[in-house]
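Heads up, the thing below is written out as structure tokens.
Protein chains: 2
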Amino acid sequence: MSLDRLLEKIAETQNPTVAGLDPKLDYVPEYIRHECFARYGNTLEAAAQALLLFNKGLIDALYDIVPAVKPQCAYYEMYGWQGMKALAETMEYAHQKGMFVITDGKRNDIGTTMEAYAAGHLGSIEINGQTIHPFPGDALTVNGYLGSDGINPLLKTCQAENKGVFVLVKTSNPSSGELQDRMMDGKTVYQVMGERCEAWGEALPGKYGYSGVGAVVGATYPKQLERLRGSLPHTFFLVPGYGAQGGGAWDVAGAFDRNGMGAVVNSSRGIMCAYQKEGCPETDFAGAARREALRMKADITGKIAPIRL
Amino acid sequence: MSLDRLLEKIAETQNPTVAGLDPKLDYVPEYIRHECFARYGNTLEAAAQALLLFNKGLIDALYDIVPAVKPQCAYYEMYGWQGMKALAETMEYAHQKGMFVITDGKRNDIGTTMEAYAAGHLGSIEINGQTIHPFPGDALTVNGYLGSDGINPLLKTCQAENKGVFVLVKTSNPSSGELQDRMMDGKTVYQVMGERCEAWGEALPGKYGYSGVGAVVGATYPKQLERLRGSLPHTFFLVPGYGAQGGGAWDVAGAFDRNGMGAVVNSSRGIMCAYQKEGCPETDFAGAARREALRMKADITGKIAPIRL
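Protein chains in written order, with our numbering: chain F, 1312 to 1620; chain D, 1312 to 1620.
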């Protein structure tokens, strides 16, 4: 009913980070792209195969030290249904390796339509008595602009399938304040959204104090992050914006509680493109990703309380 | 750079409505489902084929009288990548028949990630010099919670490809007011979002006074709809909530200007499931859809000014 399995994976790996899998084709080492184009031609299938091989290499290098992956739907949709097939296969592969999978889709709609997203991404569908999990995520990012009608259908699925969601609260981008920082009756929009997360989360209590309704709060707003940690005691944070977007370890430290819990920090490009930054041979992309993941782990765990459940 | 082609299709058909293609498997006539399961087994491929056959039948029955279709992504994602393949094929088929395609994805993200959604849904990608349009929509619904960083990447693609977007402003569901009706400095959140649409739309001016940045405003809030029509003179409205959600023709009349323009009203279940409501043989599902579309057209055009560009 919650994000407990994520917390357990974090405790097991002693690593409160998640590897974003946002594989633009440019990020994929040339030798992999070359191999796929040679085999499948200049097609979406070739692109999708390249993403999948890249992701599998990254997962192989990370699964024992990083608790979770976060594939970003946009980078798969961009390559059509073939890309979506690579998304599903990436998720299945990450599960085989024991990783927690956060689907970054920022989905939002109402009623039966939201139920359809919930079934597709967190639950299952029945085809003539056959149960199928189309995109088997453990948690899904969602956008709460439509209110409870957009969240309640997810809660039902999360209860039934032991899954969670992360609601956008204070995003990491420069213009997030255009709406999110505006005041309503003495509170910012993001505070109000955060309080909604606490309320929605009551339906999905967790063993370790955090509910199944988490919040997305950016590393690029460290003061807000720290204040939200204080005011949302049952809401686990997914923190984007570390690394490429400018957030450092001290910026995310305020997201954590005195048990080193309370948040998981994402890095996408930093890990995926570590081989480019390092300047190592591109065939060592997975090794570079692992080195960067370990560096990031040390960077963050050095600034928070020891991790324990 | 805009929604002009939608307005032209509305004028051509003299019909300001859009047929929502939200094909839950339960909506598909049994003889189609049976045929697909017999051929493909109890698989996602069978489900996806059933959706596609249903959609094609609906499009064949509607393309000369209805200007646009609006496939809802959730109902395709729900059936996995096979469902997404049916989505792309539905879009291509609707284009062959000359219909305008509004992809209802309510997508939202920032920067390069939003560019990926823009490329996948409104633009194109290059695979080794090959240009591919993965999901060839003419307009995409989007969620503006993240501010301009989430909208600007779309505007670039819309300019280059002559496409448009619809931003969620005041949604049709009962809980839309939880956030959208809250006051910020004397204005509701949805008014502020509407004004953002006017501002974003300046980058995509249209020939007929309406920009390429439209707004989603629900039929279930007729007073707000009418007031927004007055305050957002360059913003074209996509109006859900007619029919199944309780909105009637008088409720949507306020969305239109004195040229019978300014809005397109969606009906999904009303049209798709007309055969169930009518009680006609299910093999006549397309005929029933056409009859309902004509009834809806007469219902709405009877309450607005004559349509002219």
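Using N, Cα and C, we set each Cβ at its ideal position, and we do this for glycine too.
These figures come from a predicted structure and were not determined experimentally.
List, in chain order, every chain F residue whose beta-carbon is nearer than 9 Å to that of Q1383 (chain D). As a working mapping, residue 1383 (chain D) is identified with position 72 in the second sequence. Those are D1420, T1424 and A1427, listed as they occur along chain F.
Among F:Y1338, F:G1409, F:M1425 and F:A1359, which residue has its Cα nearest to the Cα of C1384 (chain D)? By 1-based counting over the second sequence, the position of residue 1384 (chain D) is 73. Minimum Cα-Cα distance from C1384 (chain D) among the listed residues F:Y1338, F:G1409, F:M1425 and F:A1359 corresponds to F:M1425.
Neighbour-count burial assignment, R1507 (chain D), 16 or more Cβ in a 10 Å radius: Here residue 1507 (chain D) refers to the residue found at position 196 of the second sequence. With a 10 Å radius around the Cβ and a threshold of 16 neighbouring Cβ atoms, R1507 (chain D) comes out buried.
Any C-beta of chain F under 7 Å from that of E1593 (chain D): Counting from one through the second sequence, the residue named residue 1593 (chain D) turns up at place 282. So, not an interface residue.
Rounded to a whole number of angstroms, what is the C-alpha to C-alpha distance between I1443 (chain D) and S1435 (chain D)? Position 132 of the second sequence, counted from the start, is the residue given in the question as residue 1443 (chain D). Position 124 of the second sequence, counted from the start, is the residue given in the question as residue 1435 (chain D). Approximately 5 Å, taken between the alpha carbons.
Could you confirm whether any beta carbon from chain F is found closer than 7 Å to the beta carbon of F1348 (chain D)? On the second sequence, position 37 is the one that residue 1348 (chain D) refers to. F1348 (chain D) belongs to the set of residues whose beta carbon lies under 7 Å from a beta carbon in chain F.
Does P1617 (chain D) pass the burial test, meaning 16 or more other C-beta atoms within 10 Å, or should it be called exposed? Locating residue 1617 (chain D) in the second sequence gives position 306, counting from the first residue. Label assigned to P1617 (chain D): exposed.
Just the Cα atoms here: how many angstroms apart are R1538 (chain D) and S1487 (chain F)? In the second sequence, residue 1538 (chain D) corresponds to position 227, counting from 1. In the first sequence, residue 1487 (chain F) corresponds to position 176, counting from 1. In this structure, the alpha-carbon of R1538 (chain D) lies about 27 Å from that of S1487 (chain F).
Quick one: give me the first and last residue of the alpha helix (DSSP H) that A1604 (chain F) is part of. Within the first sequence, residue 1604 (chain F) is the residue found at index 293, counting from 1. For A1604 (chain F), the uninterrupted alpha helix (DSSP H) run begins and ends at F1596 to T1612, by DSSP.
Quick one, are the C-beta atoms of A1405 (chain D) and L1466 (chain D) less than 7 Å apart? Indexing the second sequence from 1 puts residue 1405 (chain D) at position 94. Indexing the second sequence from 1 puts residue 1466 (chain D) at position 155. No, the Cβ-Cβ distance between A1405 (chain D) and L1466 (chain D) is not below 7 Å.
So, is the C-beta of Y1501 (chain F) closer than 7 Å to a C-beta in chain D? For the purposes of this step, residue 1501 (chain F) is taken as residue 190 along the first sequence, with counting starting at 1. No, its Cβ sits nowhere closer than 7 Å to a Cβ of chain D.
With a threshold of 7 Å between beta carbons, is M1402 (chain F) in contact with chain D? Here the question's residue 1402 (chain F) lines up with position 91 in the first sequence. For M1402 (chain F), no Cβ of chain D is located within less than 7 Å of the residue's own Cβ.
Starting from the C-beta of R1569 (chain D), find all residues in its chain whose C-beta is less than 6 Å away, skip the five residues before and the five after it, and write them out in chain order. As a first step, residue 1569 (chain D) is located in the second sequence; it is residue number 258 there, counting from the start. Hits under 6 Å: A1616.
Which chain F residues are close to R1493 (chain D), counting only those with a beta carbon under 9 Å from its beta carbon? What you label residue 1493 (chain D) is simply residue 182 of the second sequence in a count that begins at 1. Contact annotation for R1493 (chain D) against chain F: M1495, D1496, V1500 and V1503 [CB-CB distance below 9 Å, chain order].
Contact list for the region 1446-1464 of chain D against chain F, Cβ threshold 8 Å: Against chain F - using a Cβ distance shorter than 8 Å - the residues of the region 1446-1464 of chain D are F1446, N1454, G1455, Y1456, L1457, G1458, S1459, D1460 and G1461.
Quick one: is K1534 (chain D) buried, meaning 16 or more other Cβ sit within 10 Å of its Cβ, or exposed? Within the second sequence, the letter at position 223 stands for residue 1534 (chain D). With a 10 Å radius around the Cβ and a threshold of 16 neighbouring Cβ atoms, K1534 (chain D) comes out exposed.
Just checking: is the beta-carbon of I1438 (chain D) within a distance shorter than 7 Å of some beta-carbon in chain F? Within the second sequence, numbered from 1, the residue matching residue 1438 (chain D) stands at position 127. Chain F contact via Cβ: present.
Where do the ends of the beta strand (DSSP E) carrying P1382 (chain D) lie? Position 71 of the second sequence holds residue 1382 (chain D). Looking at the DSSP string, the run of the beta strand (DSSP E) that includes P1382 (chain D) is A1379 to P1382.
Below 8 Å between beta carbons is the criterion; list the residues of the region 1538-1568 of chain D that meet it against any residue of chain F, in chain order. Residues passing the 8 Å Cβ filter: none.
I want to see whether chain F comes within less than 7 Å of E1356 (chain D), judged by CB atoms only; does it? Numbered from its first residue, the second sequence carries residue 1356 (chain D) at position 45. Answer no: the Cβ-Cβ gap between E1356 (chain D) and chain F never drops below 7 Å.
Give the interface partners of E1489 (chain F) over in chain D, defined as CB-CB distance under 8 Å, in chain order. Along the first sequence, one-based indexing puts residue 1489 (chain F) at 178. Going along chain D in sequence order, the residues near E1489 (chain F) (Cβ under 8 Å) are G1458, S1459 and R1507.
Exposed unless 16 or more other CB atoms sit within 10 angstroms - verdict on L1494 (chain F): As a first step, residue 1494 (chain F) is located in the first sequence; it is residue number 183 there, counting from the start. With the sequence shown as reference, residue 1494 (chain F) is identified as Met, and Leu is not the correct amino acid for it. Burial call: exposed.
Figure out for me which residue from D:E1341, D:V1329 and D:R1344 has the closest Cα to the Cα of L1373 (chain D). What you label residue 1373 (chain D) is simply residue 62 of the second sequence in a count that begins at 1. That would be D:V1329, whose Cα lies nearest to the Cα of L1373 (chain D).
Apply the 10 Å Cβ neighbour rule to A1427 (chain D) and answer buried if 16 or more other Cβ atoms are within range, or exposed otherwise. As a working mapping, residue 1427 (chain D) is identified with position 116 in the second sequence. Buried, since its Cβ has 16 or more Cβ neighbours within 10 Å.
What number of angstroms, rounded off, separates the C-alpha of F1365 (chain D) from the C-alpha of S1459 (chain D)? Within the second sequence, numbered from 1, the residue matching residue 1365 (chain D) stands at position 54. Within the second sequence, numbered from 1, the residue matching residue 1459 (chain D) stands at position 148. Going from the Cα of F1365 (chain D) to the Cα of S1459 (chain D) covers about 38 Å.
Given F1567 (chain F), which residues of its chain have a CB within under 8 Å of its CB, disregarding the five upstream and five downstream residues? As a working note, residue 1567 (chain F) is residue 256 in the first sequence. Cβ contact annotation for F1567 (chain F) (same chain, cutoff 8 Å, sequence separation greater than five): P1327, R1540, G1573, A1574, I1615 and A1616, in chain order.
For chain D, check one thing: does any of its Cβ atoms lie closer than 7 Å to the Cβ of W1392 (chain F)? Against the first sequence, residue 1392 (chain F) aligns to sequence position 81. Judged by the 7 Å Cβ criterion, W1392 (chain F) is in contact with chain D.
DSSP-derived helix/strand/coil call for N1366 (chain D): Position 55 of the second sequence, counting from 1, holds the residue named residue 1366 (chain D). Helix, per DSSP.
Short check: CB of A1358 (chain F) to CB of Y1338 (chain F), under 7 Å? In the first sequence, residue 1358 (chain F) corresponds to position 47, counting from 1. In the first sequence, residue 1338 (chain F) corresponds to position 27, counting from 1. Not closer than 7 Å, so no.
For R1418 (chain D), three-class secondary structure by DSSP: On the second sequence, position 107 is the one that residue 1418 (chain D) refers to. In the structure shown, R1418 (chain D) adopts extended strand secondary structure according to DSSP, grouped into three states.
For a test of the three-state rule: what should DSSP assign to G1554 (chain F), helix, strand or coil? The count along the first sequence starts at 1 and reaches residue 1554 (chain F) at position 243. Coil.
Measuring CB to CB, does G1475 (chain D) end up less than 7 Å from G1523 (chain D)? Within the second sequence, the letter at position 164 stands for residue 1475 (chain D). Within the second sequence, the letter at position 212 stands for residue 1523 (chain D). Less than 7 Å separates the beta-carbon of G1475 (chain D) from that of G1523 (chain D).
Quick check on G1431 (chain F) - is its C-beta less than 7 Å from some C-beta in chain D? Within the first sequence, the letter at position 120 stands for residue 1431 (chain F). It does; some Cβ of chain D falls within 7 Å.
DSSP puts Q1393 (chain D) in a beta bridge; with which residues? Here residue 1393 (chain D) refers to the residue found at position 82 when the second sequence is read from its first residue. Within the DSSP bridge table, the entry for Q1393 (chain D) names no partner.
Taking the alpha-carbon positions, what's the V1478 (chain D) to N1577 (chain D) distance? Along the second sequence, one-based indexing puts residue 1478 (chain D) at 167. Along the second sequence, one-based indexing puts residue 1577 (chain D) at 266. Looking at the two C-alpha atoms, the distance is approximately 15 Å.
Three-state secondary structure (DSSP) of E1513 (chain D): Your numbering for residue 1513 (chain D) matches position 202 in the second sequence. Three-state result, E1513 (chain D): coil.
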